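*Asks:* Submitted below is the structure of interest, expressed as structure tokens.
Numbering (this note's numbering), first residue to last: 3 to 242.
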């Protein structure tokens, strides 16, 4: 589990509670709205809104100077240089708040990818598995009521590793640096494994009945709700 996965149990509990009230698509839209509220609220709290308002007022004055037909050329160039300086200053002021505000969205997106991205095959159905490098041997094993698993084999057919597939995650790999932030629920391959990664052909869940395949997953609903909610809150609350 990574640092951004820490709130996942709260998301799962809340989602399970709402499952009896809302269909999956509506819950995804709700999570996008929640992400907008939390992200914009966090940005508003940690960003210097008053200082940015003063910069915006100064920029408006400088723009009027630049467009003033009676202003001297030197004044126009001075106003342009000051506008560039203020733009860089504003960028410096918002950079850290934007990164902080993105954390709840990243945490939600990581959880949604596991919760709503893919589905496990029905009992008795075999999922395709592909190893990297392609010379390695892997297979999907599903028997009885036991959870399906992916097995890594050596050249003689002996099992080197067996990974239970308890959640619908389409890839297993060796641990990387970014897993400190976002973990793989299936765990990791050993560093000395002959296999660098395993791709599992899990069926992708769809929540829209129209449009190309790439727009039918959870991503389109979530990010559309996130964007719409963020723009609405920014306009209503006049967040800079």
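Yeah, the Cβ is synthetic: ideal placement off N, Cα and C, and Gly gets one too. This one's a predicted model, so the numbers in the text were calculated from it and none came from an experiment.
Going by DSSP, which residues form a beta bridge with residue 41?
*Replies:* Taking the chain shown and counting its residues from 1, the one referred to as residue 41 is at position 39. Answer by DSSP bridge pairing: none, since residue 41 is not bridged.
*Asks:* Could you pull out every unbroken alpha helix (DSSP H) segment of at least 4 residues lying fully inside the region 82-167, listed in chain order?
*Replies:* Correct list: empty.
*Asks:* Is the Cβ-Cβ distance between residue 203 and residue 130 less than 8 Å?
*Replies:* Taking the first residue of the chain shown as 1, we reach residue 203 at position 201. Taking the first residue of the chain shown as 1, we reach residue 130 at position 128. Taking 8 Å as the Cβ cut-off, residue 203 and residue 130 qualify as a contacting pair.
*Asks:* How big is the Cα-Cα spacing for residue 231 and residue 95?
*Replies:* Position 229 of the chain shown, counted from the start, is the residue given in the question as residue 231. Position 93 of the chain shown, counted from the start, is the residue given in the question as residue 95. Roughly 23 Å separates the two Cα atoms.
*Asks:* May I ask you to report which of helix, strand or coil DSSP gives residue 199?
*Replies:* Looking up residue 199 in the chain shown gives position 197. Of the three classes helix, strand and coil, the one that applies to residue 199 here is strand, per DSSP.
*Asks:* What are the boundary residues of the beta strand (DSSP E) that residue 174 is part of?
*Replies:* The sequence position of residue 174 within the chain shown is 172, counting from 1. Where residue 174 is concerned, the enclosing beta strand (DSSP E) stretches over 173-175.
*Asks:* Tell me where the alpha helix (DSSP H) around residue 17 begins and ends.
*Replies:* Translated into the one-based positions of the chain shown, residue 17 becomes position 15. Residues 10-20.
*Asks:* Tell me whether the beta-carbon of residue 112 lies closer than 8 Å to the beta-carbon of residue 184.
*Replies:* Translated into positions along the chain shown, residue 112 becomes position 110. Translated into positions along the chain shown, residue 184 becomes position 182. Yes, these two residues count as a Cβ contact at 8 Å.
*Asks:* Are the CB atoms of residue 133 and residue 143 nearer to each other than 8 Å?
*Replies:* On the chain shown, position 131 is the one that residue 133 refers to. On the chain shown, position 141 is the one that residue 143 refers to. Taking 8 Å as the Cβ cut-off, residue 133 and residue 143 do not qualify as a contacting pair.
*Asks:* For residue 55 and residue 172, I'd like the C-alpha separation in whole angstroms.
*Replies:* Within the chain shown, residue 55 is the residue found at index 53, counting from 1. Within the chain shown, residue 172 is the residue found at index 170, counting from 1. Cα to Cα, residue 55 sits roughly 46 Å from residue 172.
*Asks:* Taking residue 234 as the reference, give the member of 53, 60 and 39 with the closest Cα.
*Replies:* Residue mapping note: residue 234 aligns to position 232 of the chain shown, counting from 1. When each option's Cα is compared against that of residue 234, the closest is 39.
*Asks:* On the criterion of 16 or more Cβ atoms from any shown chain inside 10 Å, does residue 117 qualify as buried, or is it exposed?
*Replies:* Mapped onto the chain shown, residue 117 falls at position 115. Classification for residue 117: buried.
*Asks:* Between the Cα of residue 225 and the Cα atoms of 158, 157, 93 and 31, which residue gives the shortest distance?
*Replies:* Walking along the chain shown from the start, residue 225 turns up at place 223. Answer by Cα proximity: 31.
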